Ligand SMILES: Cc1cc2nc3c(=O)[nH]c(=O)nc-3n(C[C@H](O)[C@H](O)[C@H](O)COP(=O)(O)O)c2cc1C
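In our numbering, the protein residues as written are 25 to 386.
Structure representation (structure tokens):
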């Protein structure tokens with residue numbers, strides 16, 4: 025154990041609650057990054073591996089959880105998207121389809137009309153988490169319905185919810201959630217905002233953690249732009265109990281992202297990310313590319329999440345097959361230029377060693 029002023033590494037309050045060794049959480053990343061191999065490698069190395077299961081059907085989640093369990097006997101978390109209201113008329117969908125079509129003409133691909141369902145069944149997804157006795161359930165875009173919170177509590181499943189503002193954090197705490205992930209504006213991927221406009225909840229991770237610590241009693245985990253030991257220590261000093269790192273794991277050997285997405289991340293020398301709704305209808309941070317730029321003139325016609333997400337899915341898959349990164353969604357945080365390629369266990373080990381070394385310095 026290393027101690028420097030008030031900072032104790034590792035923070036036992038959170039490691040004992042989550043039954044892990046190090047307060048480092050590999051962020052859930054829906055869309056393919058968080059393979060069972062990545063999740064298990066992180067958990068085996070003493071951190072908390074997390075499966076981003078938001079886009080998966082119940083059957084896919086079940087199979088993936090079984091695979092994770094075959095690779096580790098350590099705790100891991102599964103993450104889902106809390107469904108929100110959405111609406112679009114047929115005319116709006118057709119207009120949005122035409123806009124996507126004109127914005128991806130280079131792909132020589134026909135953007136098809138779409139039909140519901142636009143997302144997998146949430147109830148079925150939730151059932152699998154309970155059936156498989158997943159120890160930690162993490163979520164974003166809202167708060168699970170009360171009946172589910174009760175079921176999870178009865179099954180001793182720890183609940184970890186995302187907040188991008190103090191109001192959201194308070195609501196999570198009032199609803200009996202165990203841990204809050206404070207998602208700063210630097211964070212890669214979708215904004216977890218569920219109260220008000222996402223554009224009005226773009227507080228930096230350090231400011232957000234500092235604010236939440238003053239008002240929230242349950243543990244706060246910092247997320248957004250954390251890539252190395254210095255970043256970890258900064259957030260722990262501000263009062264975070266642990267860190268959740270997403271982008272830092274994208275280039276790990278076990279990550280499932282497209283090879284060209286990895287290559288692009290590794291080639292960055294500055295922040296090349298932007299916030300966009302173009303791919304999914306929900307504000308998200310990713311590497312800037314042609315599709316995002318072209319869709320700027322059609323911003324008014326972008327559909328609600330998850331309709332826009334369904335509309336652009338086949339285009340994204342085609343772009344990936346054609347190795348064309350200009351039309352792929354490549355979510356990443358603002359410090360993506362610090363990405364390194366290495367096995368996840370080695371990343372965890374290096375972070376732990378560097379934190380210990382830095383804390384011992386006078
Ligand atoms: C590729 C990618 C996918 C993500 N998908 C999810 C997700 O499915 N669920 C979730 O709660 N957060 C998701 N996030 C956000 C992370 O939980 C976390 O807030 C973010 O990674 C922290 O910022 P960083 O990427 O700079 O470390 C995603 C982030 C990335 C980069």
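Note that CB positions come from ideal geometry on N, CA and C, so glycine has one too. Predicted model, so just to flag it, every value in this text is computed and none were measured.
**Q.** Exposed unless 16 or more other CB atoms sit within 10 angstroms - verdict on residue 275
**A.** Flag for residue 275 reads buried.
Q: Under the assumption that residue 160 contacts residue 199 (Cβ atoms under 8 Å), give the Cβ distance between them as a whole number of angstroms.
A: Incorrect: roughly 17 Å between the Cβ atoms, too far for contact.
Q.
If contacts are defined as beta-carbon pairs under 8 Å, then residue 95 and residue 69 qualify, I think. What distance do you get, rounded to the angstrom?
A. Going by Cβ atoms, the distance from residue 95 to residue 69 rounds to 12 Å, so no, they are not a contact pair.
Q. From what residue to what residue does the beta strand (DSSP E) around residue 186 run?
A. 182-187 is the extent of the beta strand (DSSP E) around residue 186.
Q.
Suppose the cutoff is 6 Å on Cβ atoms and the five residues either side in sequence are ignored; what does the same chain contact list for residue 81 look like?
A. Counting only Cβ-Cβ distances below 6 Å, and skipping sequence neighbours, we find 144.
Q: Might you give, ordered along the chain, the residues of its own chain that have their beta carbon closer than 7 Å to the beta carbon of residue 78, omitting 5 neighbours on each side?
A: Excluding sequence neighbours, residue 78 sits near 54, 103, 104 and 105.
Q: Please indicate yes or no: does the CB of residue 214 lie closer than 7 Å to some heavy atom of ligand 1?
A: Yes; taking the cut-off as 7 Å, the Cβ of residue 214 has a heavy atom of ligand 1 nearer than that.
Q) Given 8 Å as the limit, is there contact between the stretch 278-293 and the stretch 215-223, that is, 3 or more CB pairs closer than that? A) Segments in contact, no.
Q. With DSSP run on the structure shown, which of helix, strand or coil describes residue 376?
A. Reduced to three states, the DSSP call for residue 376 is helix.
Q) What residue does the beta strand (DSSP E) around residue 204 start on, and which one ends it? A) Here the beta strand (DSSP E) through residue 204 covers 203-207.
Q. With distances taken from CA atoms, which of 343, 56 and 84 is nearest residue 149?
A. Ranking the options by Cα distance to residue 149, first place goes to 84.
Q | Buried or exposed by the 16-neighbour rule on C-beta atoms within 10 Å, applied to residue 113 | A | A residue is called buried once 16 or more other Cβ atoms fall within 10 Å of its Cβ, and residue 113, having fewer, is exposed.
Q: Report buried or exposed for residue 164, applying the criterion of at least 16 other Cβ atoms within 10 angstroms of its Cβ.
A: Residue burial is scored here from C-beta neighbours: residue 164 has at least 16 other C-beta atoms within 10 angstroms and is therefore classed as buried.
**Q.** The beta strand (DSSP E) enclosing residue 172, as first and last residue numbers
**A.** Here residue 172 belongs to no beta strand (DSSP E); instead the alpha helix (DSSP H) covers 170-178.
Q.
Tell me the DSSP secondary structure of residue 231 in three-state form.
A. Shown here, residue 231 sits in a helix according to DSSP, grouped into three states.
Q | Delimiting residues of the alpha helix (DSSP H) encompassing residue 385 | A | Residue 385 -> no alpha helix (DSSP H), and no H or E assigned at all.
(Q) Can you tell me whether residue 218 is helix, strand or coil according to DSSP? (A) Collapsing the DSSP output to three states places residue 218 in coil.
Q) By how many angstroms is the C-alpha of residue 67 removed from the C-alpha of residue 89? A) Cα atoms of residue 89 and residue 67: separation of roughly 13 Å, rounded to the nearest angstrom.
Q. Does the Cβ of residue 278 lie closer than 7 Å to at least one heavy atom of ligand 1?
A. Not so, every heavy atom of ligand 1 lies at least 7 Å from the Cβ.
Q: Tell whether a beta-carbon distance below 8 Å holds between residue 99 and residue 62.
A: No, Cβ-Cβ distance for residue 99 and residue 62 is not below 8 Å.
Q. From residue 371 to residue 203, what distance separates their C-alpha atoms?
A. Taking the straight line from one Cα to the other gives about 24 Å.
**Q.** Uninterrupted beta strand (DSSP E) stretches inside the stretch 124-158 (no shorter than 3 residues)
**A.** Given a length threshold of 3 residues, the stretch 124-158 has no whole run of the beta strand (DSSP E) inside it.
Q: Sort 365, 152 and 364 by Cα distance to residue 87 and report the nearest one.
A: The residue among 365, 152 and 364 with its C-alpha nearest the C-alpha of residue 87 is 152.
Q.
Looking only at its chain, what residues have a beta carbon closer than 8 Å to the beta carbon of residue 35, apart from the 5 residues adjacent to it on each side?
A. The answer, listed in chain order, is 47, 260, 265 and 266.
Q. Candidates 174, 227 and 175: which alpha carbon is nearest residue 192's?
A. Answer by Cα proximity: 227.
Q) Do you know how far the Cα of residue 289 is from the Cα of residue 120? A) C-alpha separation (whole angstroms): 29 Å.
Q: Starting from the Cα of residue 326, find the closest Cα among 41, 92 and 117 and give me that residue.
A: Closest by C-alpha distance to residue 326, out of 41, 92 and 117, is 117.
Q) Name the DSSP beta bridge partners of residue 360, please? A) Answer by DSSP bridge pairing: none, since residue 360 is not bridged.
Q.
Relative to the C-alpha of residue 286, which candidate in 170, 361 and 183 has its C-alpha closest?
A. With distances taken between Cα atoms, residue 286 lies closest to 361.
Q: Tell me, to the nearest whole angstrom, how far the beta carbon of residue 235 is from that of residue 190; I am working on the premise that it is less than 8 Å.
A: Yes, they are in contact, since the Cβ atoms of residue 235 and residue 190 sit about 5 Å apart, within 8 Å.
(Q) Any heavy atom of ligand 1 closer than 7 Å to the beta-carbon of residue 193? (A) For residue 193, the shortest separation between its Cβ and any heavy atom of ligand 1 does not lie below 7 Å.
Q. Does the Cβ of residue 61 lie closer than 7 Å to at least one heavy atom of ligand 1?
A. No, Cβ of residue 61 sits at least 7 Å from all heavy atoms of ligand 1.
Q: Go through the stretch 40-118 residue by residue and report every complete run of the alpha helix (DSSP H) that reaches 4 residues or more, in order.
A: Entirely contained in the stretch 40-118, the alpha helix (DSSP H) runs reaching 4 residues are, in chain order, 60-68 and 82-95.
(Q) To the nearest angstrom, how far is the alpha carbon of residue 364 from that of residue 57? (A) Going from the Cα of residue 364 to the Cα of residue 57 covers about 15 Å.
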